[in-house]
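K.L.:
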Amino acid sequence: MSYPNIQEFLEDFDKENELLGKGTYGAVYKMKTKRIINPELEREQDQVPFMSQYLAVKMMDAKTEKSFNTIQKEFLILKSLPKQHPNIIKLYKSYAWANQITKTYTLVLVMELADNNLMTEIKERITQQRHFPDDQLHHIFLQCIQTLNDIKLHSNIYHRDIKPENILIKSSGLQILLSDFGVSKKLMKEKLPTIAGTLVGTPSYLSPILWKAFESVKFQIANINKIVHNVEKSDVYSLGITLLQTTLLLNSEIQKLNAGEQGQIRTNNLLKGIQNQRIQNILIRMLEHDEKQRASFQELLQLLSEPIPKQIVSNKKPIFSYVEPKIGIKEQFSLQAKINYQNNKNESDQTFINQKLDQKDEKIEQFNNQDTAQDSKIIQDLIQNDDKKK
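Position one of the sequence shown corresponds to residue 1 (UniProt numbering), numbered consecutively onward.
(1) Report the residue from G26, K15, L249, S252 whose alpha carbon sits nearest the alpha carbon of S67.
(2) Is the separation between the beta-carbon of R160 and that of S179 shorter than 8 Å?
(3) What do you reckon, are the CB atoms on T247 and L137 nearer than 8 Å?
(4) Closer than 6 Å by C-beta to P325: which residues in its own chain qualify, once you throw out the five before and the five after it? Chain order, please.
(5) With DSSP as the reference, label N99 as helix, strand or coil.
(6) May I have a chain-ordered list of the beta strand (DSSP E) segments no shorter than 3 residues that lie completely inside the segment 46-121?
(7) Could you tell me how far apart the beta carbons of I169 and N251 are, in whole angstroms, since I believe they sit closer than 8 Å?
(8) Thinking just about the alpha-carbon of each residue, which of K152, A62, G173 is nearest to the one in I140?
(9) What separation, rounded to the nearest whole angstrom, lies between the Cα atoms of N99 and T33?
(10) Which residue's Cα is closest to the Cα of K90: L19, V231, N38?
(11) Quick check: the Cα distance between K15 and E112, rounded to an integer number of angstroms?
(12) Should residue 394 go down as buried or exposed, given a rule of 16 or more other Cβ atoms within 10 Å for buried?
(13) Nearest to V236 by alpha carbon, out of Q175, Q275, E253, L142?
(14) What are the boundary residues of the beta strand (DSSP E) that includes G260?
(15) Between V231 and R130, what straight-line distance do the alpha-carbon atoms span, to the nearest angstrom?
(16) Can you name the start and end residues of the beta strand (DSSP E) that L19 belongs to?
(17) Quick one, are the C-beta atoms of R285 and L301 less than 8 Å apart?
(18) Please name the residue, chosen from R266, I209, N269, Q262, that lies closest to R294 on a Cα-to-Cα basis.
(19) Determine the extent of the alpha helix (DSSP H) in which I140 is found, giving its start and end residues.
(20) Rounded to whole angstroms, what is the Cα-Cα separation between S2 and E165?
(21) Over what stretch of residues does the alpha helix (DSSP H) that includes G240 continue unbroken?
(22) Below 8 Å between beta carbons: does that hold for I147 and I88?
(23) Please state whether DSSP places K292 in a helix, a strand or coil.
(24) Out of D134, Q84, Q262, point me to the one whose CA is closest to N276's CA.
(25) For a test of the three-state rule: what should DSSP assign to residue 419, helix, strand or coil?
(26) Taking 6 Å as the limit between beta carbons, can you name the residues of its chain near K93, skipping five residues before and five after?
(27) Let's test the definition: count the other Cβ atoms within 10 Å of the Cβ of F9 and tell me whether it reaches 16, buried, or not, exposed.
(28) Rounded to the nearest angstrom, what separates L244 and M59 at their Cα positions?
(29) How would you label L249, buried or exposed, when you count the other beta carbons within 10 angstroms and need 16 or more for buried?
(30) Pull up the distance between the alpha-carbon of R35 and that of I279, whole angstroms please.
(31) On the three-state DSSP scale, how would you describe Y3?
(32) Buried or exposed for M51, please, with buried defined as at least 16 other CB atoms from any protein chain shown within 10 angstroms of its CB.
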């Protein structure tokens, strides 16, 4: 596969840049164009005078050709995602070159520039003690869930590293942009969304089954090739932690929510603090430790579209503060019966939530192993398809 080289890159961009962030394979910079990069504007260049733009430029280095193929995967994934999706980061151009002196390979991806990421927004709101309003939370939930479901249906791709840092925000309309597909996974259409032998992602956002595997592998008591999980349900859990963090403005409190029974108890206690019942119910379904019970993206979209359920009201105050001492025997028994009935009703009102929140982990269903060697085949197919297009 051929790319524009370093000479063309230097002709396209000013040398000045601003570091936006660093990742496993490289760094992202804010850079100013010297000529039209955005193809949408390029189509109009005869009618519109050129105006320089600021874009996000991701630069990744590899020491071997094999490593270069690994970092090239994000480019190939981005190329295969739904075109012009409003909630997927847009890829405008790519460059690549080899440095014979340092013996390194460089891949550059030029993407649209967002205003912020969700983690920065959360931290700012924590400082300001300013929670997201319910309508904004619903808007964020819907965009994230819809986008991940669209990616699954269109390309059978799963993100595998969902966290607030990888969810970008354009301030106008609180538009979400899903980014960083460096460890994403494309599965064969005819296969179940299960994989084995892979452990990627950020520890605090791993699903419980992957967290358990992470701990086991860390202490060398498990074979990574025996780890089998439903990759869609793992993405659902990661997004659930992200959205819980967004709803309650959490930071370090999310650590080890995925760790066994104690993690489930802590999660349940946090969920009980959410006042909006629709949001609470959706997060309950996303954060089930048993992936068999965890909702799919399609099921979550259905929950989001349902009418708002009737609010449950818990009357914690007694109906009567005292009873007159000179009340008759008959009236006293009648009044006591009413009080007992009301107390029982108040307890039953919360039954379905408490039962849901206090569920214990069940034995996780074993899925059919997915041959992870398909990664290399998929990448080769994508490369061949891209070359044919050219």
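Glycine included, each C-beta is placed from N, C-alpha and C at the ideal position.
P.N.:
Based on what the coordinates show:
(1) Locating residue 67 in the sequence shown gives position 67, counting from the first residue. The option with the nearest alpha carbon to S67 is G26.
(2) The residue given as residue 160 occupies position 160 in the sequence shown. The residue given as residue 179 occupies position 179 in the sequence shown. With a cutoff of 8 Å on beta-carbon distance, R160 and S179 are scored as not near each other.
(3) Within the sequence shown, residue 247 is the residue found at index 247, counting from 1. Within the sequence shown, residue 137 is the residue found at index 137, counting from 1. The answer is yes: Cβ separation under 8 Å.
(4) As a working mapping, residue 325 is identified with position 325 in the sequence shown. The predicted position of P325 is uncertain, since its pLDDT is 39 and thus under 50; no value can be drawn from it.
(5) One-based indexing of the sequence shown puts residue 99 at position 99. For N99, the secondary structure class from DSSP, reduced to helix, strand or coil, is strand.
(6) 54-62, 91-99, 104-111
(7) Here residue 169 refers to the residue found at position 169 when the sequence shown is read from its first residue. Here residue 251 refers to the residue found at position 251 when the sequence shown is read from its first residue. I169 to N251, Cβ: 18 Å. No contact.
(8) Working through the sequence shown from its first residue, we reach residue 140 at position 140. Closest option to I140, Cα to Cα, is G173.
(9) Stepping through the sequence shown from its first residue, residue 99 is reached at position 99. Stepping through the sequence shown from its first residue, residue 33 is reached at position 33. Rounded to the nearest angstrom, the two C-alpha atoms are 23 Å apart.
(10) Counting from 1 along the sequence shown, the entry for residue 90 is found at position 90. Nearest C-alpha to K90: N38.
(11) Along the sequence shown, one-based indexing puts residue 15 at 15. Along the sequence shown, one-based indexing puts residue 112 at 112. Spanning the two alpha carbons is a distance of roughly 18 Å.
(12) Any answer about residue 394 is impossible in this case: the structure gives the chain only from 1 up to 390.
(13) To locate residue 236, count along the sequence shown from 1; it is residue 236. Answer by Cα proximity: L142.
(14) Sequence index remark: in the sequence shown, residue 260 carries index 260 (1-based). First-last for G260: 260-271, but that is the alpha helix (DSSP H), not the beta strand (DSSP E).
(15) Sequence index remark: in the sequence shown, residue 231 carries index 231 (1-based). Sequence index remark: in the sequence shown, residue 130 carries index 130 (1-based). A straight-line Cα-Cα distance of about 34 Å links V231 and R130.
(16) If you number the sequence shown from 1, residue 19 lands on position 19. It spans 13-22 - the beta strand (DSSP E) in which L19 sits, taken as one unbroken run.
(17) One-based indexing of the sequence shown puts residue 285 at position 285. One-based indexing of the sequence shown puts residue 301 at position 301. Not in contact: R285 and L301 (Cβ atoms no closer than 8 Å).
(18) By one-based count along the sequence shown, residue 294 stands at place 294. Residue I209 is the option with its Cα nearest to R294.
(19) What you label residue 140 is simply residue 140 of the sequence shown in a count that begins at 1. That run of the alpha helix (DSSP H) goes 134-155.
(20) Indexing the sequence shown from 1 puts residue 2 at position 2. Indexing the sequence shown from 1 puts residue 165 at position 165. Taking the straight line from one Cα to the other gives about 31 Å.
(21) Working through the sequence shown from its first residue, we reach residue 240 at position 240. It spans 231-248 - the alpha helix (DSSP H) in which G240 sits, taken as one unbroken run.
(22) Here the question's residue 147 lines up with position 147 in the sequence shown. Here the question's residue 88 lines up with position 88 in the sequence shown. Per the sequence shown, residue 147 should be read as Thr rather than Ile. Closer than 8 Å, so yes.
(23) For this step, residue 292 is matched to residue 292 along the sequence shown. DSSP places K292 in coil when its eight states are reduced to three.
(24) Along the sequence shown, one-based indexing puts residue 276 at 276. Selected option, being the one with the closest Cα: D134.
(25) As displayed, the chain neither begins before 1 nor continues past 390, which places residue 419 out of reach and without an answer.
(26) For the purposes of this step, residue 93 is identified with residue 93 of the sequence shown, where counting begins at 1. The residues are I37, V110.
(27) Position 9 of the sequence shown, counted from the first residue, corresponds to residue 9. F9 comes out buried.
(28) The count along the sequence shown starts at 1 and reaches residue 244 at position 244. The count along the sequence shown starts at 1 and reaches residue 59 at position 59. Their backbone Cα atoms lie some 32 Å apart in a straight line.
(29) As a position in the sequence shown, residue 249 is number 249, starting the count at 1. By the neighbour-count rule (16 or more Cβ atoms within 10 Å), L249 is buried.
(30) As a position in the sequence shown, residue 35 is number 35, starting the count at 1. As a position in the sequence shown, residue 279 is number 279, starting the count at 1. Annotation: R35 to I279 spans about 45 Å, alpha carbon to alpha carbon.
(31) Reading the sequence shown from its first residue, position 3 is the one you call residue 3. The answer is coil: DSSP assigns Y3 none of H, G, I, E or B.
(32) In the sequence shown, residue 51 corresponds to position 51, counting from 1. The residue in question, M51, is exposed, as its Cβ has fewer than 16 Cβ neighbours within 10 Å.
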